[in-house]
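Have a look at the structure below, then the notes.
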Amino acid sequence: MVGVGGRSKACDNCRRRRVKCDLTTPECNRCFKAKLKCGGIRGFSFIQYSGSNCPDSAPVKSSLPSPPSSGRSTIASPEQPAVMTTAISAAYMIPLRFLEPSLMPTAMDDIFVTYTHKHLLRESEDIVVKPGTDRTITGKCFVALATTMFGLDNRQKPVVQRGLRKYGTALKALNNALGDPKGSRSFDVLEAVIVMALFELLVGDREDGWIGHARGFEQLLKVRGPESMQELPCVIILERARSSIIFAALITHTGTILSRPEWKSIPWLQHPERKDPLQLLIDIVADCPEIFVRRDAMLVGQMGAADLASLMSLRSQARSVLQDLEAWEKCWASTALSRWTEVASPKTTPTHADQHGARKPIWATVLQYHTLYDASISTTFNGALILVMMFIQGLNLLLQDLEQSGLLIKRMYSSAITICRSVDFHLERLRDVSSSSILFPMRMAYEVVGKTDKDIGAWLAYQLKIISSGPSGRWAMADHLLEMKAASTLSSGDVIETA
């Protein structure tokens, strides 16, 4: 669900060729062997800033965030849908002296912003905007987020209250912009919505609050159209938001515009190199909500019954999505170097009793990924694989076709354990906004192994508690994850009519 971070330091050639750069300076060994001119590893990004009180150029680090909902108000108006969620890198690391007074009115705000960048946005991709780009609303939203986060982490109730007041002020400004036909199409509104979404993901106390924001953000995209998302800052925002939009569509059993061909291609026309393996994987996952929409329409339209031909056609569509996932996996495996190493499982690993009664770890090793990006790809793929296979398995049961059931169950179990073995790596990086990409996969792993194995189920539930309110992180949405309706299975009461 949530966005994936990990800004690569690889040289331009290695990133373009999608191979692992060894980061050797002044030129990497891969470029040397390929007889290519190496530009060296990536350093800091700089953009020109035309403010009156700052130098000609200043370093700016900005990325975009994810999901909100806290018993407080959500971004909505009679004409405008609620706004989104997702784990997206968002905000900007700009010292106070480089910001206009209207954006950062006090020195304390600067402290809160710096703290939030250090503890939340360490692996975020730079967003370079044109000089003069208005980000007033975004600035208000991020100060509200930063203030609240600082107060919560340091148990400073007055600071939390101050942050919530700023949240209300920022929300009002955002709602006003959403009500303006011109303002609602601005980059400032898009970026601000993402920041407010991250606020919801971090401190929201409602199970479904983030879903309304995700669907609302999708409506903003629909109004703008894919052609408007081709500039690099917009592409980055879209990439960070896609997972949450799709996850929300799966939970609500509604379609998403992200499954349309134009939304998988047009935004990347000016930056085709950004269609990396993760984005290609998300293209496939975007097709998943449609099979649930079609199934629901089929059952509702036939009074809860479905004819054999319709079910077989639906299974064929689901199998097509599975084949796309398998083709992606084959391509990924053929180009990827080793993405992880195996290390001994920590003491917190769930255990089973062996034949002698001794407790031993259910999995002997856990996966230590090279980057958070690699971890996110692995867990997202395995989560999607479980989702589609559970859907197919449900159809097989309805069709009384159990020939492939054993193979499906075995593959789902393997994917679920892979996700479980990846959790510890994500826990080490909970302070990075992109770490929330583990949430959807954990939910799918729980469906396969958490419900059938009480030890694993209790362990997954405990890990989600840590993710939601533990000392290492604060993703409030994780506290509601297991309560959400599973989107992957058919009801055992569904009926087949063979006549």
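FYI, full-length UniProt numbering numbers position 295 of the sequence shown as 295, with every residue one higher than the one before it. Even glycine gets a Cβ: it sits at the ideal position worked out from N, Cα and C. A quick note: this is a predicted structure, and the numbers were derived from the prediction, not measured.
| Query | Result |
| --- | --- |
| Could you tell me which uninterrupted alpha helix (DSSP H) segments, each at least 4 residues in length, are contained entirely in the stretch 278 to 331, listed from first to last along the chain? | 288 to 301 |
| From His480 to Trp459, what does the alpha carbon distance come to, in whole angstroms? | 16 Å |
| Go through its chain and collect everything with a Cβ distance to Arg224's Cβ below 7 Å, but skip five positions before and after it. | Arg185 |
| Shortest alpha-carbon distance to Val366 belongs to which of Ala375, Arg359 and Ala358? | Ala375 |
| Using the Cβ count rule (16 or more neighbours within 10 Å means buried), how would you classify Tyr446? | buried |
| Have a look at Ile409 and Val448 and give me their C-alpha separation to the nearest angstrom. | 9 Å |
| Report yes if the CB atom of His271 is closer than 8 Å to the CB atom of Leu232, and no otherwise. | yes |
| If we call anything under 8 Å between Cβ atoms a contact, is Pro441 one with Asn396? | no |
| Helix, strand or coil: how does DSSP classify Glu428 here? | coil |
| Please specify which runs of the beta strand (DSSP E), each continuous and at least 3 residues long, are wholly inside the stretch 157 to 201, giving them in chain order. | none |
| Could you check whether Cys141 and Ala192 sit closer than 8 Å to each other, using their CB atoms as the reference points? | yes |
| Quick check on Ala318: buried or exposed, where buried means 16 or more other Cβ atoms within 10 Å of its Cβ? | buried |
| State the Cα-Cα distance for the pair Gly326 and Gln393, rounded to the nearest angstrom. | Inspection of the sequence shows that residue 326 is occupied by Glu rather than by Gly. Going from the Cα of Glu326 to the Cα of Gln393 covers about 17 Å. |
| With distances taken from CA atoms, which of Ile377, Lys264, Gln161 and Thr252 is nearest Gly212? | Thr252 |
| Using alpha carbons as the reference points, say which of Asp276, Val293 and Trp475 lies closest to Cys14. | Asp276 |
| Below 8 Å on the Cβ atoms is my guess for Tyr369 versus Arg339; work out the distance and round it to an integer in Å. | 6 Å |
| Looking at the structure shown, is Pro350 part of a helix, part of a strand, or coil, going by DSSP? | coil |
| For Leu464, count neighbouring Cβ atoms within 10 angstroms of its own Cβ and tell me buried if that reaches 16, exposed if not. | buried |
| Alpha carbon to alpha carbon, how far is Trp332 from Ala10? Give it in angstroms, no decimals. | 18 Å |
| Does DSSP classify Pro131 as helix, strand or coil? | coil |
| Do Glu428 and Glu207 have their C-beta atoms within less than 8 Å of each other? | no |
| What's the call for Val343, buried or exposed, on a 16-neighbour Cβ count within 10 Å? | exposed |
| Which runs of the alpha helix (DSSP H) at least 4 residues long sit entirely within the stretch 350 to 432? Give them in chain order. | 372 to 398 and 405 to 427 |
| Keeping to the same chain, check which residues put their C-beta closer than 6 Å to that of Leu190; ignore five residues upstream and five downstream. | Ile237 |
| At the level of alpha carbons, what is the spacing between Pro226 and Ser265? | 9 Å |
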